[in-house]
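Colleague: In the UniProt record's numbering, the protein residues as written are 1 to 440.
(1) The ligand ADP and residue 174: does any heavy atom of the ligand fall closer than 7 Å to the residue's C-beta?
(2) Quick check: what's the CA-CA separation for residue 392 versus residue 410?
(3) Just list the beta strand (DSSP E) runs in the UniProt domain "TRAM" (375–440), keeping only unbroken ones of 3 residues or longer that don't cross its boundaries, in chain order.
(4) So, do the region 36–52 and the region 6–13 have three or more beta carbon pairs nearer to each other than 8 Å?
(5) Starting from the N-terminal side, write out each stretch of the alpha helix (DSSP H) that is 4 residues or longer and does not extend beyond the UniProt domain "MTTase N-terminal" (8–118).
(6) Measuring CB atoms only, is the region 267–275 touching the region 227–239, in the sense that at least three cross pairs come out at less than 8 Å?
(7) Note down the Cα distance separating residue 189 from residue 246, rounded to an integer number of angstroms.
(8) Between which two residues does the beta strand (DSSP E) holding residue 213 run?
(9) Give me the Cα-Cα distance between residue 55 and residue 166, rounded to the nearest whole angstrom.
(10) Give me the Cα-Cα distance between residue 196 and residue 243, rounded to the nearest whole angstrom.
(11) Excluding the 5 residues flanking residue 328 on each side, which residues of the same chain have their C-beta closer than 8 Å to its C-beta?
(12) By a C-beta neighbour count over all protein chains shown, 10 Å radius and 16 as the cutoff for buried, is residue 145 buried or exposed?
(13) Under 8 Å between the Cβ atoms of residue 98 and residue 46?
(14) Taking only three categories from DSSP, how would you classify residue 2?
(15) Taking all protein chains shown into account, decide if residue 103 is buried (16 or more other Cβ within 10 angstroms of its Cβ) or exposed.
(16) Would you kindly work out how many angstroms separate the C-alpha atoms of residue 345 and residue 314, rounded to a whole number?
(17) According to DSSP, residue 154 sits in a beta bridge with which residue or residues?
(18) Out of 317, 251 and 264, which has the shortest C-alpha to C-alpha gap to residue 289?
(19) On a Cα-Cα basis, can you pick out the residue from 57, 388 and 366 that is closest to residue 157?
(20) Run through the region 264–326 for me and flag every whole beta strand (DSSP E) of 3 or more residues, listed as ranges in chain order.
(21) Using CA coordinates, which residue listed in 275, 296, 205 and 266 is at the minimum distance from residue 249?
(22) Taking 6 Å as the limit between beta carbons, can you name the residues of its chain near residue 174, skipping five residues before and five after?
(23) Given that a residue counts as buried once 16 or more other Cβ atoms are within 10 Å of its Cβ, and exposed if not, what is residue 375?
(24) Please work out which residues of its chain come closer than 7 Å, Cβ to Cβ, to residue 304, disregarding the five sequence neighbours upstream and downstream, and give them in chain order.
(25) Helix, strand or coil: which one does DSSP assign to residue 354?
(26) So is residue 186 buried or exposed if we call it buried at 16+ other beta carbons inside 10 Å?
(27) Would you report the Cα separation of residue 445 and residue 267, rounded to the nearest angstrom?
(28) Can you give me the C-alpha to C-alpha distance between residue 444 and residue 403, rounded to a whole angstrom?
(29) Excluding sequence positions up to five away, which residues of its chain have a Cβ less than 7 Å from the Cβ of residue 407?
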């Protein structure tokens, strides 16, 4: 009697942002294609891959803790991701890890896996579906269209971790989207470090898709994605003039009327110190123009409170911008002196307690604005996408809600639906973040 050989098993832990999730999915797809089993725990795994985040101090600490836990529970650990770009930080705390790679390093990770856990069969024998292995629910997926960034924002160290902008061929992106749509995915979320710069490094050269030429550029990509009949949501869009071309596509229903655009501040001096594009005045004018073209647009943004040198007057200027812009969704970070960031050397750092107090004030103001905007939706009929069904009913998202970072739509008593179903509902109540609705 032939004894069945144990299939090599890789434990996998992924931390960080959607871009890290996309990196993790590429590694997981390769692992499955080569016949490895994947485990979300350390129990029974032959080794563990930890995909790390290293953007802010709290993320570094979380990543180092995860590596330590994996070493304690398993003993064989490969580290990848943004913190891996700081090899010495990991080695100083955890010198016994098997290997360390930076982000977007699928080939390197696989080489280390092969070295410590030989592959079980010919990698040309595919064991994965065309859409690959996904960490998200089956009805939505992230698509990363480029890697790296050409900017030098003084508060950020991402370019040193992920390198300069490298755009994916547009045909590859569209093939991935097609595979996802055919597998039942209802929403794709377009991500990168700088989504609006897609194709800049390639000088917007022509690619090919479906037997026709397509320019490697964000507008043309969105127009092609619209052909798949699924929700298309844009994230991490810099406030460049080219973004204006996308708003008519939203008004026409080709892509979701949702724009995630990190303004970061409103003070011209602070924006200059940050090395960020545009100005508050121009941004207010553009927001007004976007809403005139597409009244249903949802604008999400992020800001930094307590940036080095920020005066009380400049913080008040930021609050004034929020009051006038009346953005739908806002996140705010108290400035964190990330190791290696140029901004750390700027004059007049703001004390931590003031940074945190300004963050609190900003979010308190935005909470009032969001509550007013949400209350105005009572009585409206909207389309929602079901995310889950629990013992109280269905939980969904509207076109205004990205997964994990935005609000939810609660449908009490609705049980005869499944994740991925679209419903038309009427809003009956709201709070600052979520909607409560009834099915029509």
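In this text, a Cβ means the ideal position worked out from N, Cα and C, and glycines have one as well.
Modeller: Inspection of the coordinates gives the following:
(1) By its list of ligands, the structure shown contains no ligand whatsoever, and the ligand ADP lies outside what it can speak to.
(2) Answer to the nearest angstrom: the Cα atoms are 9 Å apart.
(3) Entirely contained in the UniProt domain "TRAM" (375–440), the beta strand (DSSP E) runs reaching 3 residues are, in chain order, 381–390, 393–398, 409–412, 422–430 and 435–439.
(4) The region 36–52 is in contact with the region 6–13.
(5) With a minimum length of 4 residues, the continuous alpha helix (DSSP H) runs that stay inside the UniProt domain "MTTase N-terminal" (8–118) are 18–33, 57–73, 87–93 and 106–116.
(6) Judged by Cβ distances under 8 Å, the region 267–275 makes no contact with the region 227–239, as fewer than three pairs qualify.
(7) In a straight line, the C-alpha of residue 189 is about 15 Å away from that of residue 246.
(8) Going by DSSP, residue 213 is part of the beta strand (DSSP E) stretching over 212–215.
(9) For residue 55 and residue 166, the gap between their C-alpha atoms comes out near 20 Å.
(10) Cα to Cα, the separation comes out at about 7 Å.
(11) Hits under 8 Å: 298, 299, 300, 370, 373 and 400.
(12) With 16 or more neighbouring CB atoms inside 10 Å of its own CB, residue 145 falls in the buried class.
(13) Not closer than 8 Å, so no.
(14) Bear in mind that the predicted position of residue 2 carries a pLDDT of just 43, short of 50, making it too unreliable to give a figure here.
(15) Within 10 angstroms of the beta-carbon of residue 103 lie 16 or more other beta-carbons, which makes it buried.
(16) Each residue's alpha carbon lies about 20 Å from the other.
(17) In DSSP, residue 154 forms no bridge with anything.
(18) If we check each option's Cα against that of residue 289, 251 comes out closest.
(19) Residue nearest to residue 157 within the set 57, 388 and 366 is 57 (criterion: CA-CA distance).
(20) With a minimum length of 3 residues, the continuous beta strand (DSSP E) runs that stay inside the region 264–326 are 298–305.
(21) Nearest option by C-alpha distance: 296.
(22) Correct list, in chain order: 209 and 224.
(23) Per the 10 Å Cβ criterion, exposed.
(24) By the criterion of a C-beta distance shorter than 7 Å, residue 304 is surrounded in its chain by 155, 264, 265, 333 and 335, once the five residues flanking it on both sides are discounted.
(25) Residue 354 sits in a helix when the DSSP states are folded into three classes.
(26) The residue in question, residue 186, is buried, as its Cβ has 16 or more Cβ neighbours within 10 Å.
(27) Outside the displayed range of the chain (1 to 440) lies residue 445, so it cannot be described from this structure.
(28) What the structure shows of the chain is the stretch from 1 to 440, and residue 444 is not part of that stretch, so it cannot be assessed.
(29) Beyond the five residues adjoining it in sequence on each side, residue 407 comes within less than 7 Å, by CB distance, of 401, 433, 434 and 435 in the same chain, given in chain order.
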